[in-house]
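**Q** My structure is below; once you've seen it, I'll send some questions.
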Amino acid sequence: MTPARQSPPRPGRRNARAAAPAAPAPPAAPAVTPPAPTRLDLLRTMLLVRHFEERCFELYSGREIRGFLHLYTGEEAVAAGVTAALAPDDAVVSTYRDHGHALARGVPADAVMAEMFGKATGTSGGRGGSMHIFDVSRRFYGGNAIVGGGLPLAAGLALADRMRDTGRVTCCFFGDGAFAEGEFHETANLAALWRLPLLLACENNLYAMGTKLAHEHAVTDLALRAASYGMPAWSVDGMDATAVALAARQAVDGVRGGGGPYFLELRTYRFRAHSMYDPDRYRSKEEIARWRARDPVTALAARMRVDGELDDDALKKLEDLAAREVEDAVEAARAAPEEPAADLLRHVVSPAEEPA
Amino acid sequence: MTGPGTLTGGGPGAPPSGAPRTVTYREALREALREALAADDRVFLMGEDVGEYGGGFGVSLGLLEEFGPERVRDTPLSESAFTGAGIGAALGGMRPIVEIMTVNFSMLALDQILNNAATLLHMSGGQCPVPLVIRMTTGAGRQLAAQHSHSLENWYAHIPGLRVLAPATVEDARHMLAPALADPDPVLIFEHGSLYNTSGELAPDAGPVGLDRAAVRREGRDVTLVTHGGCLPKVLEAAGALAADGVSAEVVDLRTLRPLDDATVVESVARTHRVVLVDEGWRSGSLAAEVAARIGEQAFYELDAPVERVCSAEVPVPYAHHLEQAALPQAADVVAAARRAVG
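In order, the protein sequence lines correspond to chains A and B.
Numbering follows the numbering used here, in which position 28 of the first sequence is assigned residue number 173; successive positions increment by one, without gaps.
Numbering follows the numbering used here, in which position 14 of the second sequence is assigned residue number 137; successive positions increment by one, without gaps.
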């Protein structure tokens, strides 16, 4: 299925009104979808995410990161391709598997890593951790760790933009597990009913934690079911970064053009277990190996090599750059201060409401 | 702190200009909504049947015609989605007012209220304040049985990050909304279903009320009666009956259930040395239990008698009138408890 409506964004109308102190002001000019990413752009993002996640695995094993840790390894093409279609003023709502989305959105690796170390320099000063990365300066409204819980919130961000004619798009990442939640179906209906500028980016990695897609859904064609809400919906090879980027641009342009919500089913696979607590008993080694053979980073690099866009030296340099960025983030996080325990109750209510 | 409020009475004749007006609680809420919608175009109202139907309890009647369907927005029966959409719209710079028809229905939105509205500010390290107002009906007394009648505001009052209000007078119904909308954090307003048709006097020059303090609705010397919301009329009735019997009861209306105004309660108990807590919630784990604990912590040596509690019977609220009334705190129960306390 191809999106039908691709009209230019509507001009802002009510942008003059002052926003609340805490909320970002509507942009002076309507948001515009950025130019298509190059394959090199996509590869850089994916390499950063890959190195970051694999380093987190080691750090967790070394007990420097604690709590729940959900790694994005294997799914990098989705974050890289989808976020490349978003303008800086667009919004992103993420899941508990959020490092990849945050990094692809441009949240600095330093701040993400420091958050996982629970340090003051982390995105939430250590109050969120791995599952709750926020960066409102990049309109990144958080890793949400209630499956499906980010969807209504994303619809609300989109509603604010629709009511104010900002031309902005909200992208909500969620998984095949969330598709079984009532919050997905309520949100899909509401977004379609109100024609909200919302991109529903469903990362179908075939497992809701440890439950196979076919054991959680009576009908496993998620795009088909999403389309029943009255929105353009189609599935995409989520292991192919350029395919994701192309589909995301089509969808975002459709949403921005006033076409209401779009749904993308991004078929992907996580190479590592659900979390560091997961012994991964429910998948066979053969299945994992089959998917690893389709590694999205390796696949993109191979295609670029065939087309003469990349050689061994260039790839090595890119790998080194990503590794360096991650290692710098680790060193910075290790050295960073902790929030004083005396500030425990900060940010429970806004400062004006705190007792003097 | 608000002044003493009158809950009933007031003649039908049109008052002279500048004189207090008699309005119903429902009309007071509607006036507050109208004022908020007119004052700030970031404000909008959404919920089930708030538009064409006029609100499940008639509060928003006429607002659709005045402000249009974008700003008085009927929603599907999707409590979680529209409450969450209110949270997201608040993050996006709007000032939404979400109406949930009853507190029992709000259980379907509890994920959004607890896991998002109340936590986003903290979880984001201060990046995501949620300036959202959620209104909902609470309480029993209308024979609506066990899925429309409970008083669960104390569950919400348990949650850090929320402010929880229980307007019990027309003045609070009229004037709590503006400061609630000005609050940068989520505010829940509980409207007791038995109050919508009550009326009271509204001063023409009254402005926004404070949201931090309980109010002494009737002054007294012998015993403090602490309550909130729909129990206030019953407690005032009990205070009247006690007065006729020579017992001077002070009535404290908590108004704000989170953060609780301990000081006003403790100050009153320090004067009367006896206290009865009246709460339509179930006794176990009730708001009354929390207030009792705070009195124990802060005013133990002021007490001349054990703390008395009058709460709802621990049963799902039944339909039949006599059974429902038997389950709820009544003025006679308050009088009896006060007499026990006074000894």
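All C-beta atoms in this analysis are idealised placements derived from N, C-alpha and C, irrespective of residue type, glycine included.
From a predicted model like this one, the values you see are computed outputs, not experimental measurements.
Pull up the DSSP beta-bridge partners for Arg196(B), would you.
**A** Met169(B)
**Q** From Glu324(B) to Met354(A), what distance separates their C-alpha atoms?
**A** 58 Å
**Q** Quick one, which of Pro180(A), Gly293(A) and Leu248(A) has its alpha-carbon nearest Glu326(A)'s?
**A** With distances taken between Cα atoms, Glu326(A) lies closest to Gly293(A).
**Q** Which word fits Lys462(A), buried or exposed, when buried means at least 16 other C-beta atoms lie within 10 angstroms of its C-beta?
**A** exposed
**Q** Please go through the segment 330-389 of chain B and give each complete beta strand (DSSP E) segment of 3 or more residues, from N-terminal end onward.
**A** 338-341, 346-350, 372-376 and 379-381
**Q** Where does Ala371(A) sit, in a helix, a strand or coil, going by DSSP?
**A** In the three-state reduction of the DSSP assignment, Ala371(A) falls in the helix class.
**Q** Which class does Gly128(B) belong to by DSSP, given the choice of helix, strand or coil?
**A** At Gly128(B), the pLDDT of 37 sits below 50, so the modelled position is not reliable and the matter cannot be decided from this model.
**Q** If you run the structure through DSSP and keep just helix, strand and coil, what is Ala163(A)?
**A** Its pLDDT being 33, under 50, Ala163(A) is placed unreliably in this model, and the value from its coordinates should be taken loosely. Looking at Ala163(A) - three-state DSSP - the assignment turns out to be coil, as it is neither helix nor strand.
**Q** Give me the chain A residues within the contact set of Met230(B), using Cβ-Cβ distance strictly less than 9 Å, ordered along the chain.
**A** The premise fails here: Met230(B) is roughly 12 Å from chain A at the closest Cβ pair, so nothing lies under 9 Å.
**Q** Less than 9 Å between CB atoms is the rule here; does Met261(A) satisfy it with respect to chain B?
**A** no
**Q** How about Ala346(A) and Phe319(A): are their beta carbons less than 9 Å apart?
**A** yes
**Q** Report the option in Ser282(A), Ala225(A) and Thr178(A) whose CA atom is closest to the CA atom of Leu445(A).
**A** Ranking the options by Cα distance to Leu445(A), first place goes to Ala225(A).
**Q** With the cut-off set at 9 Å, would you say Asn277(B) and Ser435(B) are in Cβ contact?
**A** no
**Q** With respect to the beta strand (DSSP E) encompassing Met224(B), which residues constitute its N-terminal and C-terminal limits?
**A** Arg218 to Thr225
**Q** Rounded to whole angstroms, what's the CA-CA distance from Ile418(B) to Leu380(B)? Just pull it up for me.
**A** 15 Å
**Q** Provide the residue span of the alpha helix (DSSP H) that contains Asp346(A), from first to last.
**A** The question names Asp, yet the displayed sequence has Ala at residue 346(A). Counting along the chain, no alpha helix (DSSP H) covers Ala346(A); the unbroken beta strand (DSSP E) around it starts and ends at Leu343 to Asn349.
**Q** By DSSP's criteria, Met299(B) is part of a beta bridge. Which residues make up the other side?
**A** Paired residues: none, contrary to the question.
**Q** How would you write the range of the alpha helix (DSSP H) that Asp306(A) sits in, first residue to last?
**A** Gly295 to Arg309
**Q** Leaving out five residues before and five after Thr266(A) in sequence, what residues of the same chain have Cβ atoms less than 8 Å from its Cβ?
**A** Same-chain partners within the cutoff: Asp255, Ala256, Ala259, Ala477, Ala478, Ala481 and Pro482.
**Q** When the distance is taken between beta carbons, is Arg272(A) closer than 9 Å to Tyr352(A)?
**A** no
**Q** Less than 9 Å between CB atoms is the rule here; does His215(A) satisfy it with respect to chain B?
**A** no
**Q** Once you ignore the five residues that flank Pro331(B) on each side, which residues in its own chain have a CB closer than 6 Å to its CB?
**A** Excluding sequence neighbours, Pro331(B) sits near His298, Ala301 and Pro302.
**Q** Any beta carbon of chain A sitting closer than 9 Å to that of Leu243(B)?
**A** yes
**Q** Output, in chain order, the set of chain B residues within a Cβ distance shorter than 8 Å of Tyr241(A).
**A** Near Tyr241(A) there are no residues of chain B at all, since even the closest Cβ is about 12 Å away, more than 8 Å.
**Q** Bridge partners of Tyr407(A), per DSSP?
**A** Leu344(A)
**Q** Determine the chain B residues that contact Asp306(A) at a beta-carbon separation under 7 Å, and present them in chain order.
**A** Gly215
**Q** Just checking my contact of Pro199(B) with Phe167(B) at CB under 8 Å: how many whole Å lie between their CB atoms?
**A** Between Pro199(B) and Phe167(B) a beta carbon distance of about 16 Å is seen, past the 8 Å cut, so the two are scored as non-contacting.
**Q** For Ala103(A), tell me which candidate among Gly270(A), Glu198(A) and Arg250(A) has the shortest Cα-Cα distance.
**A** Here chain A has residues from 146 to 501 only, and residue 103(A) is not among them.
**Q** Does the CB of Pro199(B) have a neighbour CB from chain A at under 9 Å?
**A** yes
**Q** Taking CB distances under 9 Å as the criterion, tell me whether Arg258(B) reaches chain A.
**A** no
**Q** In three-state DSSP terms, what is Leu204(A)?
**A** In the three-state DSSP reduction, Leu204(A) falls in the helix class (H, G or I).
**Q** I'd like to check one pair, Phe180(B) with Glu202(B): are the Cβ atoms closer than 9 Å?
**A** Remark: C-beta atoms of Glu202(B) and Phe180(B) do not approach each other more closely than 9 Å.
**Q** Go through its chain and collect everything with a Cβ distance to Ala468(A)'s Cβ below 6 Å, but skip five positions before and after it.
**A** Hits under 6 Å: His196.
**Q** With a threshold of 8 Å, are at least 3 pairs of Cβ atoms found where one atom belongs to the segment 369-379 of chain A and the other to the segment 176-184 of chain A?
**A** Too few Cβ pairs lie closer than 8 Å, so no.
**Q** Name, in chain order, the residues that DSSP records as bridge partners for Asn289(A).
**A** Thr240(A)
**Q** The beta strand (DSSP E) with Leu311(B) in it runs from where to where?
**A** Val310 to His315
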